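As you go down the protein sequences, you meet chains B and R in turn.
If you read the first sequence in our numbering, its first letter stands for residue 1046, the second for the next number, and so on.
If you read the second sequence in our numbering, its first letter stands for residue 41, the second for the next number, and so on.
No residue lacks a Cβ here, since even glycine has one placed at the ideal position from N, Cα and C.
Computed from a prediction, not measured in an experiment: that's the story for all the values here.
One structure is given here, and the rest of the page talks about it.
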Amino acid sequence: MSQRKRLSNTQGASQNKRRSDSLAEDDSEVPFTQPSSSQVQRGLARVSNAQVEQKAAEVVQYIMVKDQKKIPVRRADLVKHVIKDYRNIYPEIMKRVLQTFSQVFGLELVEIDTKAHVYILINKLEPHEALTTNQGSVNPKTGLLWVILSVIFMKRGAVKEGLIWNTLKKLRVDPGERHEVFGDVKKLVTDEFVRQRYLEYVRIPHTEPLECEFRWGQRAELEVSKPQILHFMGQLHEREPQSWSQQYRDAHPSLGAPGPSQPSRSQR
Amino acid sequence: MRKSLEGDESENVSSSHKSSKPPTARKRSEPRQERNGDNSDVGSGSLLDEDNAVNRREIRSKYRDLINSVQQNRDHMLNPSNNMLTEVLEEANNLFKDVRQTREAALDAQLIVVATDLGKEKASQLFSEGAAFDPSAFAENLLSFMGLNRLEGGEHEPQNGGDGYLPSDAWDRLARRAETCFRTAPTFHYMLGSFHAEPPPPKQRIERQVRAPNKEAKRNMPTQLKKMEESHQEATEKEVERILGYLKSYHQDDPTTPISYYEFVVDPNSFSRTVENMFHMSFLIRDGLAGMYLDEDKLPCIAPVEEGMDGEGSSQKQCVISITIDTWKELIEAFDISEAMIRPLSES
């Protein structure tokens, strides 16, 4: 893989990169390749600052509206629908977009997939308990998602789907039936949450019959605070968060936790 | 307790006192060394080809059995209380001694893949030392947090087979608390809402207009019906009286000539009116206002009964008269009736 990339760079025409990009983009459009810094400079010379600002503002609006569903924004869509002719100064536009999000809205635009070039918006600020209680409406799906994410976390990263369904059933949420709050639960969990990148739903290899397991998705890794989960977990069970020693170490990586591959004999 | 392994293999696989340890890679090398060295146990290399093929088929079948047993009994093998996985690997080790060709070796490799996957899962079970996480207890505590009402005496129906009643805002309550764990970007929406045009008011107007005529229409109905019913009863009585009038006037014209019953009731222009006339006549006879008798020719005749006469003179009999269209036509011919003696209502 890496050799092919080196070759394409020396050849100048980034044909291989176009091929990999075209997998994520429409076939009808010319696939977008990241312009070089010299191209950007030349492009900037031809446009006024006001135009660049205008484009950046449009990108910000586009992303904000797209983020309503929490489905990641694809770079290809951004270029096709908003940037259009200004694609040669794409990096400059995105630089201003990031700045605007950060300084005006307190949000962070993160590229969660550097191959497919997909972005999500997360909050830079930590949620404050006093603020959230005053907010008008709350989305009950957050509660359901939290349950699933917590179970995965407490089970150290991966859980067979059977365990999740059983836990939900104990909470009166049955994936086989229509739920009065959540509707089609199975679809919500295995489709919507996965598309939003909160969860990953992957096949367990060599299982007969086919079984899948749940893991945290990329959005969850960025958005969700593990110490907070443990804190709430402790409140629920009336225990200290530290009593779950391994999970506590998972939540506080700065404490230098030994990974699961090394059995910790000394601590027992 | 693990059973002790024979010979060299026991050094590589140390026994643990709790559960079976996932097998290490080194175990696999032993049978190969044996094969290269002492061939005394295995003679398949130097025998006839046929025996060779049979042996190989056996080996392959046994490998496939092992692979199947790992896949089918996965859950059972995961249980740390048994050593089934180790036994499977030992059997594979034995089989491998006889393996000479790639085909069988490939099956052996496939078995190893399946077994190591299982081994990895068993290993991950080992590390839930310290505080294990119990999802059932978790669910119970969550339900309490969400406000589960564990009332007895069934005020509310039990949901999903569980005890108690979960309030409708249960998930909202949880979501509110859970939000503190998320750094979600707030979703974008216009602060003052969006601008809606006309639609709502006209709908209300339409509804009101529709409602009013309905009530009036209903009110009209009962009064109309009453009139109808009255007219039905009156119509019969009036008709009967009218016929009595005809009868009396015909009798007055000529008191001596008897009026033939059939001539009187038959209407040559309408069979249905004839039947109605007979029907109305029967009322007159029943009420004693008219009498029927047979004349010399034994044909029925009718005459009005004068008021004041008591009922002794007239014998009270009952009879049933029927008429068909054919009979009606015959009567018209026989009596030569050209016009109705009882003029129909519509004509007058």
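Let me know the secondary structure DSSP gives residue i once reduced to three states.
| i | result |
| --- | --- |
| residue 1289(B) | coil |
| residue 123(R) | coil |
| residue 1335(B) | This structure cannot settle anything about residue 1335(B), because the visible part of chain B is limited to 1046 through 1313. |
| residue 383(R) | coil |
| residue 205(R) | strand |
| residue 1119(B) | strand |
| residue 1270(B) | coil |
| residue 220(R) | helix |
| residue 300(R) | strand |
| residue 105(R) | helix |
| residue 200(R) | Here residue 200(R) scores only 49 on pLDDT, less than 50, and its place in the model should not be relied on; the value that follows carries that caveat. Coil. |
Below 8 Å CB to CB, which residues in the same chain sit around residue i once its five sequence neighbours on both sides are set aside?
| i | result |
| --- | --- |
| residue 1233(B) | 1186, 1189 and 1227 |
| residue 334(R) | 340 and 341 |
| residue 1152(B) | 1146, 1166, 1167, 1168 and 1169 |
| residue 318(R) | 305, 361 and 363 |
| residue 220(R) | none |
| residue 1098(B) | 1141 |
| residue 1194(B) | 1243, 1244, 1261, 1265, 1269 and 1274 |
Give the range of the alpha helix (DSSP H) segment to which residue i is assigned.
| i | result |
| --- | --- |
| residue 1143(B) | 1135-1145 |
| residue 116(R) | 114-118 |
| residue 39(R) | As displayed, chain R neither begins before 41 nor continues past 388, which places residue 39(R) out of reach and without an answer. |
| residue 1094(B) | 1094-1111 |
| residue 1300(B) | It is not in any alpha helix (DSSP H) - residue 1300(B) carries neither H nor E in the DSSP assignment. |
| residue 225(R) | Element bounds for residue 225(R): n/a, residue is neither H nor E. |
| residue 1088(B) | 1082-1091 |
Considering only residues of the same chain and omitting the five flanking positions on each side of residue i, which have a CB-CB separation below 6 Å?
| i | result |
| --- | --- |
| residue 1118(B) | 1108, 1111 and 1164 |
| residue 1230(B) | 1218, 1220 and 1224 |
| residue 282(R) | none |
| residue 1262(B) | 1242, 1243, 1244 and 1245 |
| residue 1124(B) | 1077 and 1132 |
| residue 1084(B) | 1133 |
| residue 214(R) | 186 |
| residue 1115(B) | 1241 |
| residue 380(R) | 307 |
Terminal residues of the continuous beta strand (DSSP E) containing residue i?
| i | result |
| --- | --- |
| residue 391(R) | One cannot answer for residue 391(R) here, as it falls past the ends of chain R, which runs 41 to 388. |
| residue 1258(B) | 1257-1261 |
Excluding sequence positions up to five away, which residues of its chain have a Cβ less than 7 Å from the Cβ of residue i?
| i | result |
| --- | --- |
| residue 155(R) | 110, 125, 128 and 129 |
| residue 1010(B) | Here chain B comprises residues numbered 1046 to 1313, so residue 1010(B) is not present and cannot be evaluated. |
| residue 151(R) | 103, 106, 107 and 132 |
| residue 1266(B) | none |
| residue 179(R) | none |
Task: Residues from the segment 1105-1116 of chain B in contact with chain R, defined by Cβ distance under 7 Å - done: 1109, 1110, 1112 and 1113
Task: Whole runs of the beta strand (DSSP E) within the segment 1151-1230 of chain B, excluding any shorter than 3 residues - done: 1152-1158, 1163-1168 and 1203-1205
Task: Near-chain R residues of the segment 1219-1240 of chain B - C-beta to any C-beta below 7 Å - done: 1219 and 1226
Task: Start-end ranges of the alpha helix (DSSP H) lying completely within the segment 307-344 of chain R, minimum 4 residues - done: 311-326
Task: Residues from the segment 203-219 of chain R in contact with chain B, defined by Cβ distance under 7 Å - done: 206, 211, 212, 214, 215, 216, 217, 218 and 219
- [ ] Can you give me, in chain order, the residues of the segment 1135-1155 of chain B that have a beta carbon less than 7 Å from any beta carbon in chain R?
- [x] 1152
Open item on the list: Closer than 7 Å between beta carbons: that is the criterion. Which residues of the segment 1265-1279 of chain B meet it against chain R?
Closed with: 1268, 1269, 1270, 1273, 1274 and 1277
Open item on the list: Tell me which residues of the segment 109-121 of chain R have at least one Cβ-Cβ distance to chain B shorter than 8 Å, keeping chain order.
Closed with: 111, 112 and 114
Task: chain R contacts from the segment 1092-1106 of chain B (Cβ-Cβ distance under 7 Å) - done: none
Open item on the list: If the cut-off is 8 Å on Cβ atoms, which residues from the segment 154-165 of chain R count as contacting chain B, listed in chain order?
Closed with: 154, 157 and 164
Task: Residues in the segment 124-146 of chain R having any Cβ partner in chain B nearer than 9 Å - done: none
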